[in-house]
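Peer 1:
Residue numbers (the working numbering): 3 to 491.
Printed below as a string of structure tokens:
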């Protein structure tokens, strides 16, 4: 059978290869940033010189620190005046940095969304500016902020009823470096249905006059991830694409939003979690930011049997990309952070992943940025917060990208009776693997996690009712990854 791999299959071929001889990143020892002063909603950023900046919440207080001469200064309280922030473990505050400017956004239940600006790298802060004060009967919540090329902030927020229903994402932009803001523009209308997820934060990416907003939608409890786009600096959002094929039906809010980051060229990558296909897992997907055409979508591998993946983040530039997520099931350690790195775009991500915390307690809510060859990671650690940096080294790759097919083979192709039969040709004992079946557009048909071969070194996949045609079976295990097109009758 002739194999004509589309982009989704192309991605798996390259990630299945033995690309790396080393991890390619050197992590610093963790620094305890907060032990007694709260650990809500950690956010990390960097100045032009690469020095990290950290904010987090302690009750209704926003705390700020930055690194100077290799050490973090004593945390200071960001002045919010009489409008105390409402901060959650997963969000409620956000930060964006450009040159020497810092913008911090937060919400106040009674008076709307506020932004605080520093023009001197956090040495002083101006009085809060009211970005948006919704009309009576409405509530603005979970704001996000980005800065355009001219140094002007853009703020997205969920506008919903005070009983947290019928939400829409709206966006306000400033034309004068944060002193005033335009009237809100609905940024989620291009998505299916009328409303968005009522308690899930969004993320913004901007380049030139283009602005992208990624968010979780709510189309009659179908909570897929969408990306909408404005090509007029945020004045209108008339383009949208569903980047999530898991179709998570949930009649309550999952309290989890996505993140977005640029790759090389026009490519963008999003990361998010979903329970639409079995257990809750973290997924990544790509799209062409220019044409708004979706690329591939895949689930991240599990490191532990019956583990649960949770909060995640993504950062990068050009062909260097890093993704981080929390995962349970590490014994006494509880929940650790997993990290995947590639310096050749999306192709190398899943070939190079590791547990980067390996610490007792619960490591969650990672915030990640990338600057001048260094990843900066800020996350919760039980009741405290930790920071660490990761210096990207040159990855050692083989000259030839060869699919690892040593341990897997289809017993028959085409399959019959909606059954895919897989053979373990290595005949290894306790050979656990994950499998994903998708159509050639990238839509996931089925997922099988933590499976093992039977005594005959075979495993049979019972395929859901699908039309006759060609599908892609993708396998990941501790010995590598493998994919094959299979014809299902």
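Where is the CB? At the ideal position from N, CA and C, for every residue including glycine. Only a predicted model underlies this, so the values are computations on that prediction, with no experimental measurement involved.
Run the CB neighbour count on residue 402, radius 10 Å, all protein chains shown included, and call it buried at 16 or more, exposed below.
Peer 2: Since pLDDT at residue 402 reaches only 28, below the 50 mark, its modelled position is unreliable, and the value read off the structure follows with that caveat. Classification for residue 402: exposed.
Peer 1: Check whether the stretch 345-363 and the stretch 75-88 touch, using three or more Cβ-Cβ pairs below 8 angstroms as the test.
Peer 2: Taking 8 angstroms as the limit for Cβ pairs, the verdict is that the stretch 75-88 does not touch the stretch 345-363.
Peer 1: Just to confirm, is the Cβ distance from residue 150 to residue 235 under 9 angstroms?
Peer 2: Cβ atoms of residue 150 and residue 235: closer than 9 angstroms.
Peer 1: When the Cα atoms are used, what is the spatial distance from residue 286 to residue 304?
Peer 2: Cα to Cα, residue 286 sits roughly 14 angstroms from residue 304.
Peer 1: Could you check how far apart the C-beta atoms of residue 275 and residue 205 are, in whole angstroms? I think they sit under 8 angstroms.
Peer 2: That pair is no contact at about 14 angstroms.
Peer 1: For residue 364, which residues in the same chain have their Cβ closer than 6 angstroms to its Cβ, ignoring the five residues on either side in sequence?
Peer 2: Taken in chain order, the residues that qualify are 336, 337 and 384.
Peer 1: Where does the unbroken beta strand (DSSP E) through residue 259 begin, and where does it stop?
Peer 2: Neither: residue 259 is in no beta strand (DSSP E) and is coded neither H nor E.
Peer 1: Beta-carbon separation of residue 299 and residue 412 under 9 angstroms?
Peer 2: Contact flag unset, no.
Peer 1: At the level of alpha carbons, what is the spacing between residue 197 and residue 113?
Peer 2: Approximately 23 angstroms, taken between the alpha carbons.
Peer 1: Can you list, in chain order, the residues of its chain with a C-beta nearer than 7 angstroms to that of residue 38? Leave out the 5 residues immediately preceding and following it.
Peer 2: Answer for residue 38: no residue qualifies.
Peer 1: Which residues in the same chain have their Cβ closer than 6 angstroms to the Cβ of residue 393, if we skip the five residues on either side of it in sequence?
Peer 2: Cβ within range, chain order: 28 and 376.
Peer 1: Below 6 angstroms CB to CB, which residues in the same chain sit around residue 320 once its five sequence neighbours on both sides are set aside?
Peer 2: Cβ neighbours of residue 320 beyond the five flanking positions: 266.
Peer 1: On the three-state DSSP scale, how would you describe residue 330?
Peer 2: The answer is coil: DSSP assigns residue 330 none of H, G, I, E or B.
Peer 1: Using only CA atoms, which one of 174, 366 and 142 lies nearest to residue 239?
Peer 2: For the residues 174, 366 and 142, the minimum Cα distance to residue 239 belongs to 174.
Peer 1: On the criterion of 16 or more Cβ atoms from any shown chain inside 10 Å, does residue 41 qualify as buried, or is it exposed?
Peer 2: With 16 or more Cβ atoms within 10 Å of its Cβ, residue 41 is classed as buried.
Peer 1: Look up residue 295 in the DSSP assignment and give the residues it is bridged to.
Peer 2: Answer by DSSP bridge pairing, in chain order: 290.
Peer 1: So, residue 228 versus residue 246, is the Cβ gap smaller than 9 angstroms?
Peer 2: Yes, the pair counts as a contact, with Cβ atoms nearer than the cut-off.
Peer 1: Considering only the alpha carbon of each residue, which of 477, 373 and 128 lies closest to residue 100?
Peer 2: Looking at the Cα atoms, 373 is the closest of the given residues.
Peer 1: Compare the beta carbon distance of residue 269 and residue 348 with 9 angstroms and say whether it is the shorter of the two.
Peer 2: Yes, the Cβ-Cβ distance between residue 269 and residue 348 is below 9 angstroms.
Peer 1: Pop quiz: residue 452 and residue 223 are said to be a contact at Cβ under 8 angstroms. What is the actual Cβ separation, rounded to whole angstroms?
Peer 2: About 28 angstroms separates the two Cβ atoms, so there is no contact after all.
Peer 1: Classify residue 335 as helix, strand or coil using the three-state DSSP reduction.
Peer 2: Helix.
Peer 1: Quick check on residue 73: does DSSP put it in helix, strand or coil?
Peer 2: Residue 73: strand per DSSP, three-state reduction.
Peer 1: Excluding the 5 residues preceding and the 5 following residue 169 in the sequence, name in chain order all residues of the same chain whose CB lies nearer than 6 angstroms to its CB.
Peer 2: Closer than 6 angstroms at the Cβ level, and outside the excluded window around residue 169, lie 160, 162, 197, 198 and 200.
Peer 1: Among residues of its own chain, excluding the 5 on either side of residue 331, which ones have a beta-carbon nearer than 6 angstroms to its beta-carbon?
Peer 2: 306 and 309.
Peer 1: Could one say the Cβ of residue 210 lies closer than 9 angstroms to chain B's Cβ atoms, at least one of them?
Peer 2: Going by chain labels, chain B is absent from the structure shown, which holds only one protein chain.
Peer 1: Let me know the secondary structure DSSP gives residue 178 once reduced to three states.
Peer 2: In this structure, residue 178 counts as coil in the three-state DSSP scheme.
Peer 1: Would you call residue 427 buried or exposed, if buried means 16 or more other Cβ atoms sit within 10 Å of its Cβ?
Peer 2: Residue 427 should be labelled exposed.
Peer 1: If you reduce the DSSP assignment to three classes, tell me which class residue 493 lands in.
Peer 2: What is shown of the chain runs 3 to 491, which leaves residue 493 out entirely.
Peer 1: Which two residues bound the contiguous beta strand (DSSP E) that contains residue 168?
Peer 2: No beta strand (DSSP E) holds residue 168; DSSP gives it neither H nor E.
Peer 1: Give me the residue from 253, 386 and 318 with the minimum Cα distance to residue 278.
Peer 2: Closest by alpha carbon: 253.
Peer 1: Mind listing, in chain order, the continuous beta strand (DSSP E) runs of no fewer than 3 residues lying wholly within the stretch 334-385?
Peer 2: Taking only runs of at least 3 residues, the beta strand (DSSP E) segments lying wholly in the stretch 334-385 are 338-344, 355-357, 365-373 and 376-383.
Peer 1: If you check the beta carbons only, do residue 465 and residue 420 fall under 9 angstroms apart?
Peer 2: In this structure, residue 420 lies closer than 9 angstroms to residue 465 by Cβ.
Peer 1: Determine the closest residue to residue 242 out of 255, 289 and 283, with distance taken between C-alpha atoms.
Peer 2: Ranking the options by Cα distance to residue 242, first place goes to 289.
Peer 1: What does a CB cutoff of less than 7 angstroms around residue 366 pick up in its chain, not counting 5 residues either side in sequence?
Peer 2: Counting only Cβ-Cβ distances below 7 angstroms, and skipping sequence neighbours, we find 312, 313, 328, 337, 381 and 382.
Peer 1: Which of helix, strand or coil does DSSP assign to residue 185?
Peer 2: Of the three classes helix, strand and coil, the one that applies to residue 185 here is coil, per DSSP.
Peer 1: Decide if residue 189 is buried, meaning its Cβ has at least 16 other Cβ atoms within 10 Å, or exposed.
Peer 2: Buried: at least 16 other Cβ atoms inside 10 Å.
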